[in-house]
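Following: one structure in structure tokens, then a few remarks.
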Amino acid sequence: MSARSPLRVAVTGHRFFDEAAAAYISDRVGEVLDAAGAEERPVRVVTSLAEGADQLVAQVAIRRGIPVEVIVPAAGYAESLAAEQDRRQYRELVAQADTVRTLEHPAPSPAAYLDAGLAMLAGADRLIAVWDGGPARGVGGSAEIVARARELGLDLQVIWPPGYDRPR
10 MSARSPLRVA VTGHRFFDEA AAAYISDRVG EVLDAAGAEE RPVRVVTSLA
60 EGADQLVAQV AIRRGIPVEV IVPAAGYAES LAAEQDRRQY RELVAQADTV
110 RTLEHPAPSP AAYLDAGLAM LAGADRLIAV WDGGPARGVG GSAEIVARAR
160 ELGLDLQVIW PPGYDRPR
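Sequence positions in the sequence shown follow our numbering and run 10 to 177.
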């Protein structure tokens, strides 16, 4: 393994999209990660493993042998995921993660999600945003994390299927 510091790729993105959109996103994420790997620095993906984009990017990274660092927003976070399938996938991805760090929030909350997003950006070199370009629907949403990444001057890779309207 290279002695060079890893290229840290943070992840933010929407939670809900259909299978066709997921396939498009997965392909584009793979291309971004492959290009990052060609930079002759080890790549590391940093995510909170929210349902949707976060879990999808982590799966693509793991399939490529890229280490995944998980920043858990709060105690009880897994139980806050709405669908059993997402909770199961979360547990499977955590088990495959290279490192897992839980923030000191006692329960999931908008403040915990924002702190997790900011923790992902700390030390990141790049942000993959699976984002439709729309405004945030809450504190710590994709739009807010993208804005912070821009303020920090991070390399930003926005991925979204052309013409696809996000489910409301």
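All residues carry an ideal CB built from backbone N, CA and C; glycine is no exception.
Would residue i pass as a contact of residue j if the rule is Cβ separation under 8 Å?
{"i": "A201", "j": "A19", "result": "The question about residue 201 has no answer here: the residues shown for the chain are numbered 10 through 177."}
{"i": "S57", "j": "I34", "result": "no"}
{"i": "G39", "j": "V69", "result": "yes"}
{"i": "I154", "j": "L130", "result": "yes"}
{"i": "D95", "j": "L112", "result": "no"}
{"i": "P15", "j": "V52", "result": "yes"}
{"i": "V139", "j": "P119", "result": "no"}
{"i": "A87", "j": "R100", "result": "yes"}
Just how far apart, CA to CA, sit residue i and residue j?
{"i": "E78", "j": "V66", "result": "12 Å"}
{"i": "A42", "j": "I75", "result": "The amino acid occupying residue 42 in the given sequence is Leu; Ala does not appear at that position. Near 9 Å, if we compare the C-alpha coordinates of I75 and L42."}
{"i": "A104", "j": "A29", "result": "27 Å"}
{"i": "V109", "j": "P176", "result": "30 Å"}
{"i": "A116", "j": "R50", "result": "36 Å"}
{"i": "A106", "j": "D164", "result": "24 Å"}
{"i": "A145", "j": "A156", "result": "10 Å"}
{"i": "R13", "j": "V54", "result": "16 Å"}
{"i": "R97", "j": "D27", "result": "19 Å"}
{"i": "A158", "j": "A59", "result": "19 Å"}
{"i": "D36", "j": "E48", "result": "19 Å"}
Within a Cβ cutoff of 7 Å, which residues of the same chain sit near residue i, ignoring the five residues on either side of it in sequence?
{"i": "D63", "result": "V20, G22, T56, S57"}
{"i": "I137", "result": "V18, V20, V38, V41, V66, Q166, I168"}
{"i": "G150", "result": "none"}
Report all residues from its chain with a CB closer than 6 Å to the CB of residue i; omit the five preceding and five following residues, and keep chain order.
{"i": "A128", "result": "I80"}
{"i": "G142", "result": "none"}
{"i": "G152", "result": "The amino acid occupying residue 152 in the given sequence is Ala; Gly does not appear at that position. P144, A145."}
{"i": "P170", "result": "A30, Y33"}
{"i": "Y173", "result": "A30"}
What do you get for residue i, buried or exposed, if any count of 16 or more other CB atoms within 10 angstroms of its CB means buried?
{"i": "L102", "result": "buried"}
{"i": "F25", "result": "exposed"}
{"i": "E93", "result": "exposed"}
{"i": "L90", "result": "buried"}
{"i": "D44", "result": "Note that residue 44 is Ala in the sequence shown, not Asp. Exposed."}
Tell me which same chain residues have a C-beta within less than 8 Å of the C-beta of residue i, skipping the five on either side of it?
{"i": "R73", "result": "G39, L42, D43, G46"}
{"i": "I71", "result": "V77, L102, Q105"}
{"i": "H114", "result": "P82, A83, A84, A120, A121, D124"}
Take residue i as the anchor and find which of the options has the nearest alpha-carbon.
{"i": "G179", "options": "R135, A59, E60", "result": "Nothing about residue 179 can be reported from this structure: the residues present for the chain run from 10 to 177 only."}
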